[in-house]
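Residue numbers (the numbering used here), protein chains in the order written: chain A, 18 to 361; chain R, 18 to 361; chain L, 18 to 361; chain D, 18 to 361. Think of the CB as a built atom: it goes at the ideal place given N, C-alpha and C, for glycine as much as any other residue. Here is the structure we will look at.
There are 4 protein chains.
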Amino acid sequence: MWNIGIVGASGYAGGELMRFLARHPRAKIRAIASRSHVGKPLSEVFPSLSLPDLPLKFVNTTDMDDCDLVFLAVPHGVAHNLVEPLLKNGQKVIDIGADFRIKNLDIYTKWYGIEHKAPQYMSEAVYGLPEIHRKDIKNTSLVGNPGCYPTSAILGLAPLMKAGLADLDTIVIDSLSGVSGAGRGEGALYHFPHAADNCLAYGVGTHRHVPEIEQELSALAGEELKITFTPHLVPAVRGILSTITLKLKDVSSTEQLTKLYEEFYKDEYFIRVLTKDRLPQTKNVLGSNFCELGVRFDPRVNRAVVVAAIDNLAKGAASQAIQNMNIMADWDEKLGIDQPAMYP
Amino acid sequence: MWNIGIVGASGYAGGELMRFLARHPRAKIRAIASRSHVGKPLSEVFPSLSLPDLPLKFVNTTDMDDCDLVFLAVPHGVAHNLVEPLLKNGQKVIDIGADFRIKNLDIYTKWYGIEHKAPQYMSEAVYGLPEIHRKDIKNTSLVGNPGCYPTSAILGLAPLMKAGLADLDTIVIDSLSGVSGAGRGEGALYHFPHAADNCLAYGVGTHRHVPEIEQELSALAGEELKITFTPHLVPAVRGILSTITLKLKDVSSTEQLTKLYEEFYKDEYFIRVLTKDRLPQTKNVLGSNFCELGVRFDPRVNRAVVVAAIDNLAKGAASQAIQNMNIMADWDEKLGIDQPAMYP
Amino acid sequence: MWNIGIVGASGYAGGELMRFLARHPRAKIRAIASRSHVGKPLSEVFPSLSLPDLPLKFVNTTDMDDCDLVFLAVPHGVAHNLVEPLLKNGQKVIDIGADFRIKNLDIYTKWYGIEHKAPQYMSEAVYGLPEIHRKDIKNTSLVGNPGCYPTSAILGLAPLMKAGLADLDTIVIDSLSGVSGAGRGEGALYHFPHAADNCLAYGVGTHRHVPEIEQELSALAGEELKITFTPHLVPAVRGILSTITLKLKDVSSTEQLTKLYEEFYKDEYFIRVLTKDRLPQTKNVLGSNFCELGVRFDPRVNRAVVVAAIDNLAKGAASQAIQNMNIMADWDEKLGIDQPAMYP
Amino acid sequence: MWNIGIVGASGYAGGELMRFLARHPRAKIRAIASRSHVGKPLSEVFPSLSLPDLPLKFVNTTDMDDCDLVFLAVPHGVAHNLVEPLLKNGQKVIDIGADFRIKNLDIYTKWYGIEHKAPQYMSEAVYGLPEIHRKDIKNTSLVGNPGCYPTSAILGLAPLMKAGLADLDTIVIDSLSGVSGAGRGEGALYHFPHAADNCLAYGVGTHRHVPEIEQELSALAGEELKITFTPHLVPAVRGILSTITLKLKDVSSTEQLTKLYEEFYKDEYFIRVLTKDRLPQTKNVLGSNFCELGVRFDPRVNRAVVVAAIDNLAKGAASQAIQNMNIMADWDEKLGIDQPAMYP
């Protein structure tokens with residue numbers, strides 16, 4: 018049994034971590050921290066987590082000493098101040114934010130616009146996408162948990178990158194996100210009367226998930242590449258649907274593509290490659306760690322369209338972080354997160 | 018380990034039964050039946066339940082021989098044809114529909130407009146609201162699982178009925194339901210463009226949950242009573258919020274009422290009596306077996322307002338049915354359904 | 018042609034006023050004010066109102082000198098500081114807030130918790146529900162525009178109050194409101210991920226619309242009465258549905274009730290009394306000044322259930338205010354607001 | 018004053034036509050037809066259109082003799098049987114369906130899979146996008162009203178096509194549509210509990226709007242081109258947001274692109290080219306004939322991203338059809354459709 022700490026536990030990702038961990042057979046939530054809620058009972062901040070066997074109160078960020086592993090569910094720019102003491106204390110760390118995803122300091126500095134305070138840990142950290150980096154995750158003490166959009170985009174493109182079938186200069190990724198992706202903080206864009214029935218694109222060409230996607234796809238392809246990524250806000254609470262379009266080489270049918278994906282993910286419990294007549298729907302994965310993938314080849318234009326669906330707060334954040342924890346602890350990867358989606 | 022059968026497994030309540038049972042430590046889904054889907058894989062009808070360890074196919078309604086317990090998730094008028102052979106075969110039955118909730122044959126006939134085909138089992142059946150009838154549930158082979166609205170209304174009024182504090186002629190119940198309450202069958206009222214942003218009352222004075230609520234409240238009060246119940250459809254997927262208004266005798270404050278409720282439900286794991294500054298919200302219980310209750314006393318008019326929130330498909334149907342199963346099997350009542358709500 | 022001023026034009030009611038007034042044949046928006054947006058173009062605050070022929074900029078609250086009529090769309094406690102100079106200047110005023118709805122100063126003080134700064138105008142002001150007070154509206158310079166909930170409740174009960182058929186001690190009003198009713202200001206309850214799929218009751222027994230409803234119903238009934246009113250928030254953008262339950266005297270059928278309502282409202286263009294097989298739905302009135310009413314008599318309990326549907330921002334605020342303006346100006350009451358609802 | 022007929026008046030586009038035409042100063046709805054509702058009053062099929070001055074009943078499709086112009090709001094494959102008698106009778110026709118949008122018979126046959134019954138009128142028909150084909154619309158008796166997706170895509174790309182700045186082999190269009198785009202007919206995908214909170218792509222590479230977009234863009238570019246178009250269903254009632262990505266030649270900044278668009282659309286009342294800091298949101302155009310356009314240039318990848326927002330039932334169908342009617346009648350193009358969006 019591991020004792021678990023969560024820093025930034027009052028946000029949506031923190032809430033999801035607790036929802037899963039509260040019923041995890043080998044992990045026990047030991048300490049939850051949130052700068053703005055110290056002393057408050059958990060049930061006040063998350064009435065949905067008013068569980069008799071979870072009588073937690075918020076503590077200070079630094080009160081994590083007796084935790085075996087600490088999840089950092091804090092904005093970028095906060096985590097890099099917290100990791101060193103934890104790691105030096107022999108604790109494991111999974112950063113759900115962005116501070117330890119990027120390997121290249123210059124790229125971090127350019128896209129995030131701040132100085133990284135713990136650059137010495139950037140290369141040591143492992144990018145926590147289990148389907149791609151499982152072995153490295155197992156042997157590290159510091160995981161940079163992937164962003165929600167990148168999880169969908171990288172899982173959606175990995176088979177094509179690895180197979181060398183893509184024209185790397187043609188990748189266009191349009192992603193739709195539910196509003197929970199913007200977090201628990203209020204704002205005019207997320208006010209119900211405005212957000213309901215509204216669709217919009219944002220951060221065109223400038224979203225911070227761009228370098229993260231490019232880093233991982235380039236590594237998979239064995240060649241530097243650049244993408245166009247356009248995120249969208251849609252009137253759903255949860256879910257990410259990424260539609261990826263690119264030109265291919267040496268592919269002639271949807272069947273061929275589907276087989277490639279089935280083969281690539283054949284041992285992956287949480288990845289569902291859909292066969293010809295079905296396409297991913299976010300509704301089928303909400304609340305779960307599953308990812309649906311569907312591919313189509315359009316011979317008219319020699320392009321593939323890949324569609325990936327995940328829950329942004331689960332596979333795109335909290336349950337994937339727990340999947341990483343399970344791997345780091347050498348437990349069954351599915352422990353505590355092997356639940357089907359809530360439907361409808 | 019019990020083998021479980023589900024008849025009517027293709028509907029929403031059936032889907033929820035499978036979502037919970039798939040991870041139940043002592044129950045195994047053995048057979049799922051649906052008239053219209055015989056032979057189809059489960060994953061086609063519920064892509065969200067595409068679990069590698071749940072490779073089920075739909076069978077005929079009658080193929081339930083080796084099940085220890087059978088859930089009937091079928092419309093009223095169907096279940097009463099199915100129970101006799103099951104019971105005679107020594108199997109336990111939980112009917113999620115309405116055929117075994119009503120004790121009085123005349124009332125059933127009047128409100129449901131059909132002839133009951135197994136009236137001999139009506140009195141034997143136990144009304145499956147564990148917080149009220151736990152002992153009888155433990156000793157029966159046939160449970161009539163409560164309706165979604167009645168679950169919220171009865172839990173909301175039981176303490177006042179038992180305490181004899183209510184003016185029984187003044188009970189007004191207005192309930193809001195998410196659209197999933199109308200089932201998986203399509204209809205103009207449930208078409209997304211119509212249902213979104215729409216609120217309406219329906220079945221005013223004629224909804225079939227009226228006699229069920231009256232039967233249980235009368236029993237609790239020890240006196241025949243009649244209610245006014247008005248159900249509403251609101252643009253949510255799940256959730257029931259019932260607001261109950263009634264005149265009281267000998268009550269003078271909200272604190273007094275709250276204490277009464279806290280005392281009444283003090284041993285009930287799944288009931289949360291909210292204290293003074295909070296009121297129930299459906300969002301806090303979605304996907305879970307929990308029920309939130311809040312009470313207010315208004316001295317201006319000498320009336321109480323009681324608010325109850327549940328998930329119509331969970332505590333209002335599937336997870337409550339599993340709670341009943343756990344009681345019938347003499348297991349821990351919480352097995353398989355002790356999950357917090359999904360938030361947000 | 019009247020020149021129109023709007024104070025508090027940056028809120029939702031202000032936006033709706035402009036949406037209707039922009040195409041009103043005899044009114045011209047001359048000045049719009051908002052403390053926090055002085056100098057900004059309208060199109061920045063309401064991109065939906067980026068009309069080439071509406072090149073407005075926000076000015077100060079006091080820059081309304083050359084307006085024939087000024088709408089005050091400000092919170093209670095603000096309007097009572099603004100009316101005197103306007104009225105003394107010969108301008109007409111319609112206050113969409115609550116400062117001039119209540120006739121009794123003590124009641125205002127008790128429910129609103131502040132001192133009224135212009136009590137001398139409270140009796141002069143006319144409660145702006147045209148279907149009830151048309152004649153007085155025509156002859157006043159100061160209208161207190163009704164609250165959204167009261168509009169639905171009073172229209173729903175007026176025929177019964179006037180006819181003396183109600184047991185006045187039994188009135189229970191449960192109202193559902195879309196989230197826009199809470200205004201444009203952000204808050205945790207209105208954050209999309211929280212508000213979506215959520216239902217809740219609030220302000221139980223304490224909502225400030227209670228005295229307003231009681232004042233008008235008492236006047237109609239010719240007798241002091243008290244109500245129980247419970248407002249609810251539901252996951253819709255717009256719309257109010259009020260369900261009113263009460264005991265009746267000397268009524269025996271739904272037909273009798275329906276006739277009473279049809280007769281009462283027979284000359285009212287904006288009121289639709291639905292006949293037996295239909296009940297109000299908010300979707301049918303969104304964006305419009307129409308009100309749908311439906312009545313049912315339940316002989317089992319000798320109670321009536323009345324359902325009323327309006328758009329909270331239109332008939333519940335802005336378009337009703339314009340209806341009042343048309344009456345004050347002795348124009349056709351329908352000018353500028355005679356549009357059907359947007360469906361779906 | 019023109020007399021207007023509407024065939025297929027019971028669908029969503031028909032409803033929107035009536036919502037606008039009911040208040041059009043020079044058009045009068047004379048006859049409404051719907052195969053399945055003959056004899057029914059309009060108010061039964063569209064309660065939102067229960068207007069005292071619109072006492073219409075549904076008639077047969079063929080009862081349109083005394084109409085000056087007939088709108089056909091019927092599925093493709095129906096309109097091509099109806100136009101000849103109307104045109105020969107000297108009546109004008111606007112087909113909101115797809116039968117008269119495609120100029121090339123082979124392409125129609127290939128994509129629609131049926132034989133065209135009135136091919137002689139295909140070349141005579143004018144593609145009814147006023148911003149592109151205004152002059153031809155003025156002089157024709159038969160308009161093929163554009164599809165919803167194509168309206169957004171063509172308006173979004175026209176300036177680049179005309180300017181010759183695009184790499185025509187790189188056009189990727191991802192469009193999001195509200196559920197009303199699928200029409201009033203029910204289906205599992207559009208059932209509220211399924212559609213709410215759900216996002217999906219469909220018709221990948223095979224949607225029938227592909228040839229329509231290619232035809233118009235090719236004409237604008239003066240060169241045959243092929244696109245990749247992926248439509249998506251999102252949980253909104255209305256609205257289309259199209260995000261278009263393509264490589265450019267000789268462009269170096271967003272400012273340059275924005276100027277190109279502002280210049281191209283400088284005389285277009287219904288097109289709003291947003292300047293640098295704003296991007297289109299569907300919420301700003303719902304219920305209106307306006308189109309919001311925003312452009313960005315990403316020098317990292319030498320690509321433009323163009324975003325277009327319209328209301329699928331208004332500028333994407335009904336109000337654009339009325340805009341075409343106004344042009345055909347030589348009236349002010351804005352008559353009857355010059356309303357701002359409903360917000361929020």
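* **Check whether I288 of chain D and I154 of chain D have beta carbons under 8 angstroms apart** => No. Outside cutoff.
* Asked: If you check the beta carbons only, do L68 of chain L and L172 of chain L fall under 8 angstroms apart?
  -> No, these two residues do not count as a Cβ contact at 8 angstroms.
* Give the residues of chain C in contact with F307 of chain R, contact being defined as C-beta atoms less than 9 angstroms apart. => Note that chain C does not occur in the displayed structure, where the protein chains are A, R, L and D.
* If you measure from the CB of S158 of chain R, is any heavy atom of the ligand COA nearer than 7 angstroms? -> No copy of the ligand COA occurs in the structure displayed, which carries no ligand at all.
* To do: Taking I190 of chain R and T245 of chain R to be in contact with their CB atoms under 8 angstroms, please state how far apart those CB atoms are, rounded to whole angstroms.
  => Contact flag correct, Cβ pair sits at about 7 angstroms.
* To do: Tell whether a beta-carbon distance below 8 angstroms holds between Y360 of chain D and N301 of chain D.
  => Result yes, Cβ atoms of Y360 of chain D and N301 of chain D sit closer than 8 angstroms.
* Report the residue from L:F63, L:P136, L:S270 and L:L104 whose alpha carbon sits nearest the alpha carbon of G94 of chain L. => Closest option to G94 of chain L, Cα to Cα, is L:P136.
* Contained beta strand (DSSP E) runs [length at least 3] in the stretch 264-318 of chain L, N- to C-terminal order -> Fully enclosed beta strand (DSSP E) runs of 3 or longer: 288-290 and 308-315.
* Asked: Any idea if I257 of chain A is buried or exposed, counting beta-carbon neighbours within 10 angstroms, 16 or more meaning buried?
  -> I257 of chain A is buried by the Cβ-count criterion.
* **As assigned by DSSP and simplified to three states, the class of K120 of chain R** => If DSSP states are grouped into helix, strand and coil, K120 of chain R belongs with coil.
* **9 angstroms Cβ cut-off: residues of chain D touching R52 of chain L** => None at all; the shortest Cβ gap to chain D is about 21 angstroms.
* Asked: What residue does the beta strand (DSSP E) around P248 of chain D start on, and which one ends it?
  -> T245 to L250 is the extent of the beta strand (DSSP E) around P248 of chain D.
* To do: Note down, in chain order, each residue of its chain lying with its Cβ closer than 7 angstroms to the Cβ of T271 of chain D, except the 5 sequence neighbours on either side.
  => Only K293, V312, R313 and F314 meet the Cβ criterion.
* To do: Ignore the nearest five residues each way along the sequence and tell me which others in R151 of chain A's own chain have a CB closer than 7 angstroms to its CB.
  => For R151 of chain A, where only same-chain residues beyond five positions count, the Cβ hits under 7 angstroms are I344.
* Below 6 angstroms CB to CB, which residues in the same chain sit around K179 of chain D once its five sequence neighbours on both sides are set aside? => Contacts found: L237.
* Asked: Given that a residue counts as buried once 16 or more other Cβ atoms are within 10 Å of its Cβ, and exposed if not, what is S53 of chain R?
  -> The residue in question, S53 of chain R, is exposed, as its Cβ has fewer than 16 Cβ neighbours within 10 Å.
* To do: Taking only runs that begin and end inside the stretch 134-214 of chain R, name each unbroken alpha helix (DSSP H) of 4 or more residues, in chain order.
  => Correct list: 147-155, 165-180 and 209-212.
* To do: Check whether the Cβ atoms of M81 of chain L and K45 of chain L lie closer than 8 angstroms to each other.
  => No. Outside cutoff.
* Asked: At what residue ranges does the stretch 317-353 of chain L contain a whole run of the alpha helix (DSSP H), taking only runs of 4 or more?
  -> 335-345, all fully within the stretch 317-353 of chain L.
* What's the gap between the Cα of T78 of chain D and the Cα of E132 of chain D? -> So the two alpha carbons sit approximately 21 angstroms from each other.
* Verify the CB distance criterion: does Q356 of chain R have a CB-CB separation below 8 angstroms to chain A? => A Cβ of chain A is located within less than 8 angstroms of the beta carbon of Q356 of chain R.
* **C-beta atoms of P42 of chain R and G353 of chain R nearer than 8 angstroms** => In contact: P42 of chain R and G353 of chain R (Cβ atoms closer than 8 angstroms).
* Looking only at its own chain, which residues have a Cβ that is under 6 angstroms from the Cβ of L217 of chain D, when we skip the five neighbours before and after it? -> Close CB contacts of L217 of chain D within its chain, under the 6 angstroms cut and outside five residues either way in sequence, are with L250 (chain order).
* For the beta strand (DSSP E) holding G32 of chain D, just list the boundary residues, first then last. => That residue, G32 of chain D, is in no beta strand (DSSP E); its alpha helix (DSSP H) goes Y29 to L38.
* Asked: From D:P64, D:G56, D:C84 and D:R40, pick the residue whose C-alpha is nearest to that of N20 of chain D; which is it?
  -> Comparing alpha-carbon positions, the option among D:P64, D:G56, D:C84 and D:R40 lying closest to N20 of chain D turns out to be D:C84.
* In chain order, what residues of the same chain have a beta carbon less than 6 angstroms from the beta carbon of T247 of chain A, not counting five sequence neighbours either side? -> These residues qualify, in order along the chain: D191, A218 and V221.
* Between L:D267, L:P92, L:S194 and L:A142, which lies nearest to S158 of chain L when the distance is taken from Cα to Cα? -> Nearest of L:D267, L:P92, L:S194 and L:A142 to S158 of chain L, Cα basis: L:A142.
* Listed by chain order, chain L residues near R255 of chain R by CB distance under 8 angstroms -> The contacting residues are D214.
* Measure the alpha-carbon distance for E233 of chain D versus K264 of chain A and round it to whole angstroms. => E233 of chain D and K264 of chain A: Cα-Cα distance of roughly 23 angstroms.
* To do: Check whether the stretch 24-31 of chain D touches the stretch 191-204 of chain L, counting contact only when three or more Cβ pairs, one atom from each stretch, lie closer than 8 angstroms.
  => In this structure the stretch 24-31 of chain D does not touch the stretch 191-204 of chain L; the number of beta carbon pairs closer than 8 angstroms is below three.
* Quick one: grab the DSSP three-state call for A218 of chain L. => Three-state result, A218 of chain L: strand.
* Nearest residue (CA-CA) to L362 of chain L, options L:D267, L:V87, L:A325 and L:P92 -> The structure shown does not extend to residue 362 of chain L, since chain L is modelled only from 18 to 361, so the question has no answer here.
* Asked: So which of L:L303, L:A183, L:L59 and L:L291 has the shortest CA-CA distance to A334 of chain L?
  -> A334 of chain L has its Cα closest to that of L:L303, out of L:L303, L:A183, L:L59 and L:L291.
* To do: Determine which residues of the stretch 117-151 of chain D have a Cβ less than 7 angstroms from any Cβ of chain A, and write them out in chain order.
  => Within the stretch 117-151 of chain D, no residue qualifies.
* For N98 of chain D, three-class secondary structure by DSSP -> N98 of chain D: helix per DSSP, three-state reduction.
* To do: Return the CA-CA distance between R295 of chain R and L73 of chain A, expressed in angstroms with no decimal places.
  => A direct Cα-to-Cα measurement between R295 of chain R and L73 of chain A gives close to 19 angstroms.
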